[in-house]
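Asker: Numbered according to my numbering, the sequence shown spans residues 3 to 771. Take a look at this one; I'll ask things after.
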Amino acid sequence: MKRLLPLLLVLFLASLLKAQDISSQLDLANKQLSNRGEVYFSFPLKSKADINLLTRQISIDKVDGNTVVAYANQKEFNKFLEYSDQFNVLTPPSLLENVAMSDNPKQVLTWNYYPTYTAYESIMAQFASDHPDICKLVTIGTLASGRKLLAVKITRNPDVQENEPEFLYTSSIHGDETTGYVLMLHLIDYILSNYGTDDRITNMVNSMEIYINPLANPDGTYKGGNSSVNGATRTNANNVDLNRNYADPEDGQHPDGNPWQPETVAFMNFAGFHHFVMSANFHGGNEVLNYPWDTWPRLAADDNWWQYVCREYADTVHLYSPTTYMSGFNNGISNGYAWYSISGGRQDYMNYFRNCREVTIEISDTKLLPENQLINHWNYNYRSFLNYLEESTYSLQGLVTDSISGEPLNARIFIYGHDIDSSQVNTDPAVGDYHRMLKAGTYNVTYSAAGYISKTITVQIVDRQKTIQNVQLYDGRLATNFSCDSATIPVGGTVHFTDRSAGSPQSWHWEFEGGSPSVSNDQNPFVNYTQPGKYSVKLVTTRPGSSDSLLRQAYIDVRMMYLMGNQSYTVCDALFLDSGGLGAGYSNNESSVVTFLPEQPNTRLKVDFNSFNVESSVDCQSDYLKVFDGTDTNATLLGTFCGSSLPQEMMASNVAGALTFQFVSNGSVNASGWEAVLECDSNVGIPLINSNPFRLYPNPNSNGWLRIESLSKISTLSITDILGHELKLMHPNSNDIQVQCDFPDGCYIFRMQIGDHVYSSQVIILKRK
3 MKRLLPLLLV LFLASLLKAQ DISSQLDLAN KQLSNRGEVY FSFPLKSKAD
53 INLLTRQISI DKVDGNTVVA YANQKEFNKF LEYSDQFNVL TPPSLLENVA
103 MSDNPKQVLT WNYYPTYTAY ESIMAQFASD HPDICKLVTI GTLASGRKLL
153 AVKITRNPDV QENEPEFLYT SSIHGDETTG YVLMLHLIDY ILSNYGTDDR
203 ITNMVNSMEI YINPLANPDG TYKGGNSSVN GATRTNANNV DLNRNYADPE
253 DGQHPDGNPW QPETVAFMNF AGFHHFVMSA NFHGGNEVLN YPWDTWPRLA
303 ADDNWWQYVC REYADTVHLY SPTTYMSGFN NGISNGYAWY SISGGRQDYM
353 NYFRNCREVT IEISDTKLLP ENQLINHWNY NYRSFLNYLE ESTYSLQGLV
403 TDSISGEPLN ARIFIYGHDI DSSQVNTDPA VGDYHRMLKA GTYNVTYSAA
453 GYISKTITVQ IVDRQKTIQN VQLYDGRLAT NFSCDSATIP VGGTVHFTDR
503 SAGSPQSWHW EFEGGSPSVS NDQNPFVNYT QPGKYSVKLV TTRPGSSDSL
553 LRQAYIDVRM MYLMGNQSYT VCDALFLDSG GLGAGYSNNE SSVVTFLPEQ
603 PNTRLKVDFN SFNVESSVDC QSDYLKVFDG TDTNATLLGT FCGSSLPQEM
653 MASNVAGALT FQFVSNGSVN ASGWEAVLEC DSNVGIPLIN SNPFRLYPNP
703 NSNGWLRIES LSKISTLSIT DILGHELKLM HPNSNDIQVQ CDFPDGCYIF
753 RMQIGDHVYS SQVIILKRK
């Protein structure tokens with residue numbers, strides 16, 4: 003018994019000391035909770051498996067072996083005490099360093115300062131005002147404190163939605179993790195300052211929509227007041243950890259048991275309004291890239307891509323930083339769940355619910371970095387910031403549109419056998435663009451949209467390259483369409499029409515103005531045209547319960563054909579070919595000159611080549627076609643042509659308005675020749691079509707009335723401006739009409755239906771005095 007008494011005394015004293023220590027730590031915890039709304043503490047795990055339970059009760063900050071560091075508000079801490087009474091209260095990270103603050107925006111951007119809240123707002127506004135052409139200030143939300151959730155949008159056309167990937171950087175969702183906050187301000191400044199001088203930056207701004215939100219939790223960061231980040235808290239004004247407050251793929255809408263906070267709602271709405279392709283959120287307290295998933299052990303569908311882009315980020319950092327920086331875990335990268343699991347995280351929300359590739363970047367072991375170390379961390383990371391940004395411009399991308407209207411579609415891009423857990427992407431329905439991040443390889447990609455027939459296309463992806471795959475989806479409706487082998491033909495020529503209608507029509511009815519036959523029920527008919535003019539074509543397609551039609555006005559252009567030879571012609575609407583005519587080439591040893599003069603007074607001829615193929619040689623010494631601006635070969639030479647490149651459009655500038663062509667071929671190689679269109683031009687760039695069987699006067703017109711006399715009745719008269727806007731439509735059914743020209747001064751096109759033909763003429767309205 004005597005021997006037992008000392009042992010019992012020791013046990014009693016140890017128990018008393020332990021109770022006193024617990025009481026002391028509890029007092030410290032309650033003091034922090036009272037002053038700050040949260041407590042920062044460490045504790046030993048009873049079992050490794052406990053972490054998955056605890057992460058749903060308190061905010062785990064880090065796990066090091068068997069020791070856990072965490073934050074908790076009052077409700078969460080009470081829950082923790084049910085698990086253990088063994089803990090040590092720690093000094094909050096934001097109280098370990100007294101950092102230099104500045105109200106001066108210019109001073110903040112020259113490093114070694116943290117901004118006051120007022121300076122932060124000023125800096126963000128100044129970015130937009132200094133660079134209005136590429137930068138726009140965006141307010142994501144305004145909190146009850148009056149502080150704002152701000153971002154800048156950086157792109158070439160900040161007020162326009164374009165076919166470009168939308169990218170988001172956001173920092174400091176935990177208010178006391180502020181390194182990323184300052185570095186994002188400097189990243190904005192770097193991009194804006196280097197636009198137009200640095201090719202890489204300029205290309206990114208011109209091809210992306212970049213959003214940067216430096217401070218996602220201003221109430222937490224400035225918990226101690228707007229003048230200092232000292233005293234910052236992890237949580238927001240309601241003592242809620244915002245990175246546990248999002249909807250979770252595994253644990254539902256409110257995994258932390260709290261209502262969505264104002265910041266959470268604002269950012270969820272912001273993500274819903276936009277169509278972010280990639281993003282990253284910056285934290286502090288460690289140095290690692292944490293990629294999906296956080297909530298469950300199942301790997302992401304694109305786990306190999308995630309490791310590739312995270313490895314690219316970390317490996318680039320390692321080239322410019324001390325060997326100790328970002329060297330833990332798998333040399334700077336880690337799967338989130340493999341580190342420790344959380345629920346309600348922003349990263350998983352963005353990946354699962356918004357189909358956006360978001361990663362968590364822990365950028366500094368020290369949460370409140372001394373101000374003189376900020377520039378070092380910038381130098382470690384800024385190249386990697388740009389690399390990660392640039393990744394959103396690679397991989398698979400394109401437009402998904404309606405095959406008939408060309409309108410953008412709200413489509414899903416899915417890879418069967420690959421995509422799981424919402425890894426598919428969708429188009430931005432406003433533009434129709436999609437951007438699917440993929441590791442190098444071959445993929446069978448399925449494109450689908452509600453009400454449309456899906457398409458599956460095999461694509462090949464190469465790392466750091468873009469693969470553009472535009473897709474048109476068809477909704478199954480009957481949609482009439484057709485084409486022809488040649489829409490410009492000589493008199494007596496034949497056109498082969500081809501039905502290209504969608505929707506599996508079962509019958510066809512064609513109507514050919516000026517053609518023979520004039521109607522046909524063949525699917526792909528041949529039609530002959532014997533008179534010059536411009537003629538319409540109509541096709542009606544039908545299937546049981548449905549019909550559709552397409553009318554193409556003035557679709558077939560029938561012209562008099564003139565061949566190369568020693569001749570002179572007066573024309574206004576002609577087809578000009580080599581000596582072989584249609585279907586044959588020119589011969590060897592040709593040498594001839596042809597001159598064309600305009601048929602209409604006060605006009606000049608222009609020539610436009612539809613095809614051209616003459617034996618190619620150096621300086622066109624073998625076969626060649628020369629074009630002269632005048633009535634003979636003594637006129638100004640407009641060009642000498644050979645080979646297969648189309649000559650440019652040429653217009654006469656001489657008084658006669660004439661063009662002269664000289665062709666020479668040698669005794670060996672020849673080719674298929676050319677086809678060109680000759681038209682009269684009124685000197686205002688509008689061709690006069692056909693030799694018209696009517697008289698239109700006075701033209702130019704200054705009295706407000708114009709008279710048209712025709713040999714045959716004018717059934718329809720359409721008047722348009724030079725942009726094609728129809729100003730007046732009449733059905734006079736007369737061969738002598740007067741038209742009131744109550745239009746502003748300018749040039750107008752009068753189109754008349756006379757018999758089976760459509761004729762056009764330009765009218766000049768002069769200033770009236």
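Ideal Cβ positions, reconstructed from N, Cα and C, are used throughout, including at glycine.
Would the beta-carbon of L698 fall within 8 Å of that of S763?
Answerer: Cβ distance < 8 Å, so L698 and S763 count as in contact.
Asker: With a cut-off of 8 Å, do at least 3 Cβ pairs link the stretch 494-506 to the stretch 520-529?
Answerer: yes
Asker: Does DSSP put I691 in a helix, in a strand, or in coil?
Answerer: For I691, the predicted structure reports a pLDDT of 46, less than 50, and the residue's modelled location is therefore unreliable. The matter cannot be settled from this model.
Asker: Nearest CA to the CA of S613: which residue from Y382, G583 and N590?
Answerer: G583
Asker: When the Cα atoms are used, what is the spatial distance from N692 to V616?
Answerer: With a pLDDT of only 46 at N692, under 50, the local geometry of the prediction cannot be trusted, and the value read off the model is given with reservation. Near 29 Å, if we compare the C-alpha coordinates of V616 and N692.
Asker: Mind reading off the beta-carbon distance from K369 to P107? Whole number of angstroms is fine, and I expect it under 8 Å.
Answerer: Actually they do not touch by this definition, with Cβ atoms about 24 Å apart.
Asker: Return helix, strand or coil for S25, following the three-state DSSP convention.
Answerer: helix
Asker: Which residues bound the alpha helix (DSSP H) around F387?
Answerer: DSSP places F387 in the uninterrupted alpha helix (DSSP H) bounded by L376 to E393.
Asker: For V290 versus F331, is the C-beta spacing smaller than 8 Å?
Answerer: In contact: V290 and F331 (Cβ atoms closer than 8 Å).
Asker: Is T633 helix, strand or coil by DSSP?
Answerer: coil
Asker: Which runs of the beta strand (DSSP E) spanning at least 3 residues fall entirely within the stretch 194-248, listed in chain order?
Answerer: 211-215
Asker: According to DSSP, simplified to helix, strand and coil, what is S581?
Answerer: coil
Asker: At which residues does the alpha helix (DSSP H) containing L83 begin and terminate?
Answerer: Q76 to Y85
Asker: Please report the straight-line C-alpha distance between Q664 and I491, rounded to a whole angstrom.
Answerer: 23 Å
Asker: Once you ignore the five residues that flank Y213 on each side, which residues in its own chain have a CB closer than 6 Å to its CB?
Answerer: A153, K155 and L170
Asker: Mind listing, in chain order, the continuous beta strand (DSSP E) runs of no fewer than 3 residues lying wholly within the stretch 667-744?
Answerer: Whole beta strand (DSSP E) segments, 3+ residues: 675-683, 696-699, 707-723, 728-732 and 736-742.
Asker: Using only alpha-carbon positions, find the residue among G39, T429, P546 and G419 that is nearest to G233.
Answerer: G39
Asker: Determine whether the beta carbon atoms of Q755 and T718 lie at a separation below 8 Å.
Answerer: Against a cut-off of 8 Å, the Cβ pair of T718 and Q755 comes out as a contact.
Asker: Would a C-beta distance cut-off of 8 Å place I365 and H379 closer than the cut-off?
Answerer: yes
Asker: Please state the DSSP three-state secondary structure of F269.
Answerer: helix
Asker: Judging by CA-CA distance, which residue of N247, G226 and Y390 is the nearest neighbour of T318?
Answerer: Y390
Asker: Can you give me the start and stop residues for the alpha helix (DSSP H) that K108 sits inside?
Answerer: P107 to V110
Asker: With a cut-off of 8 Å on the beta carbons, I'd call G177 and T235 a contact; round off their distance for me.
Answerer: 5 Å
Asker: Specify whether the stretch 263-272 and the stretch 305-312 touch according to this definition: at least 3 beta carbon pairs, one from each stretch, less than 8 Å apart.
Answerer: no
Asker: What is the DSSP secondary structure of T597, counted as helix, strand or coil?
Answerer: strand
Asker: Taking C-beta to C-beta, are A130 and K138 nearer than 8 Å?
Answerer: yes
Asker: Using 10 angstroms around the beta-carbon of D350, count the other beta-carbons present and answer buried if the total reaches 16, otherwise exposed.
Answerer: Classification of D350: buried, given that the 10 Å Cβ count is 16 or more.
Asker: With C-beta atoms as the reference, is P600 less than 8 Å away from R545?
Answerer: no
Asker: By how many angstroms is the C-alpha of K628 removed from the C-alpha of N656?
Answerer: 17 Å
Asker: Decide if R466 is buried, meaning its Cβ has at least 16 other Cβ atoms within 10 Å, or exposed.
Answerer: Classification for R466: exposed.
Asker: If I measure Cβ to Cβ from L56 and keep anything under 6 Å in the same chain, skipping five residues before and after, which residues do I get?
Answerer: none
Asker: Compute the Euclidean distance between the alpha carbons of N68 and F89, then round it to the nearest angstrom.
Answerer: Rounded to the nearest whole angstrom, the C-alpha separation of N68 and F89 is 13 Å.
Asker: Using the Cα positions of Y322 and I455, report the straight-line distance between them to the nearest angstrom.
Answerer: Approximately 51 Å between the Cα atoms of the pair.
Asker: Between F387, Q740 and S736, which lies nearest to Y315 when the distance is taken from Cα to Cα?
Answerer: Put simply, of F387, Q740 and S736 the residue whose alpha carbon is nearest the alpha carbon of Y315 is F387.
Asker: Report the option in N241, Q650, K81 and N228 whose CA atom is closest to the CA atom of S122.
Answerer: The question names Ser, but residue 122 in the sequence shown is Tyr. Of the residues N241, Q650, K81 and N228, the one whose Cα lies closest to the Cα of Y122 is N228.
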